[in-house]
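Participant: Have a look at this one before I ask anything.
Protein chains: 2
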Amino acid sequence: MKLDEAKQQFIDTWGALGSEWGINKSVAQVHALLLASTKPLSTDEIMEKLVISRGNANMSIRQLIEYGIVYKKHIAGDRKEYFVAEKDVLKWAMKIAVMRKKKELDPVMEILKDISEATEDDKTKDGQAFHQTVKDIQVLTEQLETIANKVFQSNRADLLIKLFKLIV
Amino acid sequence: MKLDEAKQQFIDTWGALGSEWGINKSVAQVHALLLASTKPLSTDEIMEKLVISRGNANMSIRQLIEYGIVYKKHIAGDRKEYFVAEKDVLKWAMKIAVMRKKKELDPVMEILKDISEATEDDKTKDGQAFHQTVKDIQVLTEQLETIANKVFQSNRADLLIKLFKLIV
DNA sequence: CTGAATTTTCAAAATATATTGAAAATTACA
DNA sequence: TGTAATTTTCAATATATTTTGAAAATTCAG
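Line by line, the protein sequences give chains A and B.
Numbering-wise (my numbering), the first sequence opens with residue 1 and increments by one.
Numbering-wise (my numbering), the second sequence opens with residue 1001 and increments by one.
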């Protein structure tokens, strides 16, 4: 396999995985392209390599910057903006996880809490059963959140120790 | 909030969450409806309560059964099939996780391994950097997989102990 | 300032995904 | 078995999402 082929497959695979988990294909592909690149790339280079429009490239880059996993890089003597991806896998994996949790999971947890409280005093058998179901989901997600927060706060060394403890 | 309102909000919330994480809205809503129901429901009842077509209801139910989080329930003297959701939250959450990992993550891990191996002997600076990036992702996902497998294998008591260790 | 280079926006078009509904297949009771 | 109830399938349709591309806004060197 030639290097260019390998990179292309990496980009395609990343795009497909993103789609299946609710991350836009172009966004995932731009991320992969930048990960696979040694040097910073301009919007034009990204457009050309991925064969996507300027608008799409621009919006994808902006989203990755918003996620905090791609940075702007100024190149002396060039007016264009260049972009580089955060190369530390653990760092960007966590940033994506934190962002998605905040944007998608947290509001749901709020609603679950509301529903759980609103049905707390329901005396009907049906109402009590429903309350219990919601409460169960709520408790589990809160436990998972506690763990996630601990993991996200850890430094690399702590994390390895914690995960080691988990396995043995 | 009336019980019916609370249930409806639960169904809507669940549907929205599913969509954002790559699970079909109808599938998520059928799951929520069954979770919120004390008694088994027939396809007709599901169609009626969610205002969806027979085809959609049928396919959604089948997918939930394939996931292993909804069961068929025969009711004596009735020819219709009835359905109930697995009410043990930990159980169905794990089943969904295992299923998605197998269907979507495992193939990606295979490809990452291939790419990593194919670029191993590349002597160019660019090739080595790319190899390292892919290798890093591969190693992290393998570590996460090991942990996930351990977690999925645990019984409830083991799991609590492990998670407790992780937090302290 | 001026104006060319660059970035951003967003309505329209293209694409992908979900849903419908009726016909075909299957089931199980008489 | 015959037949009516039920389930399944899938082409057609509807809906949602993504992508384009050109116009507007912004930036910055001269």
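Beta carbons are placed, not taken as given, at the ideal position from N, Cα and C, and that holds for glycine.
Note that the coordinates shown come from a computational prediction; the quantities given were computed from them, not determined experimentally.
Could you check the C-alpha separation between E1045 of chain B and L1140 of chain B for me, to the nearest Å?
Facilitator: Here residue 1045 of chain B refers to the residue found at position 45 when the second sequence is read from its first residue. Here residue 1140 of chain B refers to the residue found at position 140 when the second sequence is read from its first residue. One C-alpha to the other measures close to 45 Å.
Participant: Applying the 10 Å Cβ sphere with the 16-neighbour rule, what's the burial state of K1007 of chain B?
Facilitator: Residue numbering aside, residue 1007 of chain B sits at position 7 when the second sequence is read from its first letter. Answer is buried; the Cβ neighbour count reaches 16.
Participant: Are the beta-carbon atoms belonging to L17 of chain A and I1147 of chain B less than 8 Å from one another?
Facilitator: Position 17 of the first sequence holds residue 17 of chain A. Position 147 of the second sequence holds residue 1147 of chain B. Against a cut-off of 8 Å, the Cβ pair of I1147 of chain B and L17 of chain A comes out as no contact.
Participant: If you draw a straight line from the alpha carbon of Q1132 of chain B to that of V1098 of chain B, how long is it in whole angstroms?
Facilitator: Here the question's residue 1132 of chain B lines up with position 132 in the second sequence. Here the question's residue 1098 of chain B lines up with position 98 in the second sequence. Roughly 28 Å separates the two Cα atoms.
Participant: Using beta carbons (cut-off 8 Å, strictly below), is G68 of chain A in contact with chain B?
Facilitator: Counted from its first residue, the first sequence places residue 68 of chain A at position 68. Chain B contact via Cβ: absent.
Participant: The alpha helix (DSSP H) that contains K91 of chain A, what's its start and end?
Facilitator: Within the first sequence, numbered from 1, the residue matching residue 91 of chain A stands at position 91. Segment V89 to R100, the alpha helix (DSSP H) holding K91 of chain A.
Participant: For the alpha helix (DSSP H) holding A28 of chain A, just list the boundary residues, first then last.
Facilitator: Here residue 28 of chain A refers to the residue found at position 28 of the first sequence. Where A28 of chain A is concerned, the enclosing alpha helix (DSSP H) stretches over K25 to L35.
Participant: Within this structure, are the beta carbons of G1015 of chain B and A1032 of chain B separated by less than 8 Å?
Facilitator: Sequence index remark: in the second sequence, residue 1015 of chain B carries index 15 (1-based). Sequence index remark: in the second sequence, residue 1032 of chain B carries index 32 (1-based). Yes, they are a contact pair.
Participant: Closest to K1135 of chain B by CA distance: which of B:T1013, B:F1164, B:K1113 and B:I1011 is it?
Facilitator: For the purposes of this step, residue 1135 of chain B is taken as the residue at position 135 of the second sequence. Minimum Cα distance to K1135 of chain B is reached at B:K1113.
Participant: Is Q1153 of chain B buried or exposed, if buried means 16 or more other CB atoms sit within 10 Å of its CB?
Facilitator: Taking the second sequence and counting its residues from 1, one reaches residue 1153 of chain B at position 153. Q1153 of chain B comes out exposed.
Participant: Please work out which residues of its chain come closer than 8 Å, Cβ to Cβ, to H1074 of chain B, disregarding the five sequence neighbours upstream and downstream, and give them in chain order.
Facilitator: Within the second sequence, the letter at position 74 stands for residue 1074 of chain B. Contacts found: E1081 and Y1082.
Participant: Using the rule of at least 16 other Cβ atoms within 10 Å of the residue's Cβ for burial, across every protein chain shown, is A157 of chain A buried or exposed?
Facilitator: As a first step, residue 157 of chain A is located in the first sequence; it is residue number 157 there, counting from the start. By the 10 Å Cβ count, A157 of chain A comes out exposed.
Participant: Taking a cut of 9 Å between CB atoms, which residues from the stretch 88 to 100 of chain A lie near chain B?
Facilitator: Hits within the stretch, in order: D88, V89, L90, A93 and R100.
Participant: In chain A, which residues lie less than 8 Å from A1118 of chain B when you measure between Cβ atoms?
Facilitator: The residue you call residue 1118 of chain B lines up with position 118 of the second sequence. Neighbours of A1118 of chain B on chain A, chain order: M1 and A6.
Participant: Mind checking if I1011 of chain B is an interface residue toward chain A, Cβ cutoff 8 Å exclusive?
Facilitator: Looking up residue 1011 of chain B in the second sequence gives position 11. Answer no: the Cβ-Cβ gap between I1011 of chain B and chain A never drops below 8 Å.
Participant: Of all Cβ atoms in chain A, is any one closer than 8 Å to the Cβ of F1130 of chain B?
Facilitator: Working through the second sequence from its first residue, we reach residue 1130 of chain B at position 130. Interface residue, yes.
Participant: Determine the extent of the alpha helix (DSSP H) in which E1045 of chain B is found, giving its start and end residues.
Facilitator: One-based indexing of the second sequence puts residue 1045 of chain B at position 45. Segment T1043 to L1050, the alpha helix (DSSP H) holding E1045 of chain B.
Participant: Can you list, in chain order, the residues of its chain whose CB lies under 8 Å from that of Q1138 of chain B, leaving out five sequence neighbours each side?
Facilitator: Here the question's residue 1138 of chain B lines up with position 138 in the second sequence. Here the set comprises M1109, L1112, K1113 and S1116.
Participant: By a C-beta neighbour count over all protein chains shown, 10 Å radius and 16 as the cutoff for buried, is F164 of chain A buried or exposed?
Facilitator: Here residue 164 of chain A is taken as the residue at index 164 of the first sequence, counted from 1. Under this definition F164 of chain A is an exposed residue.
Participant: Taking T124 of chain A as the reference, give the member of B:T1038, B:A1028 and B:V1030 with the closest Cα.
Facilitator: Stepping through the first sequence from its first residue, residue 124 of chain A is reached at position 124. Comparing Cα-Cα distances from T124 of chain A to each of B:T1038, B:A1028 and B:V1030, the minimum goes to B:T1038.
Participant: Is the CB-CB distance between L1034 of chain B and A1093 of chain B below 8 Å?
Facilitator: For the purposes of this step, residue 1034 of chain B is taken as residue 34 along the second sequence, with counting starting at 1. For the purposes of this step, residue 1093 of chain B is taken as residue 93 along the second sequence, with counting starting at 1. Against a cut-off of 8 Å, the Cβ pair of A1093 of chain B and L1034 of chain B comes out as no contact.
Participant: Quick one: list the residues of chain B neighbouring D122 of chain A, beta-carbon separation under 8 Å, in chain order.
Facilitator: Counted from its first residue, the first sequence places residue 122 of chain A at position 122. Neighbours of D122 of chain A on chain B, chain order: L1003.
Participant: Between Y1071 of chain B and K1102 of chain B, what straight-line distance do the alpha-carbon atoms span, to the nearest angstrom?
Facilitator: By one-based count along the second sequence, residue 1071 of chain B stands at place 71. By one-based count along the second sequence, residue 1102 of chain B stands at place 102. Spanning the two alpha carbons is a distance of roughly 21 Å.
Participant: Whose Cβ in chain A lies nearer than 7 Å to the Cβ of K1162 of chain B?
Facilitator: Mapped onto the second sequence, residue 1162 of chain B falls at position 162. Within chain A, the residues near K1162 of chain B are L166.
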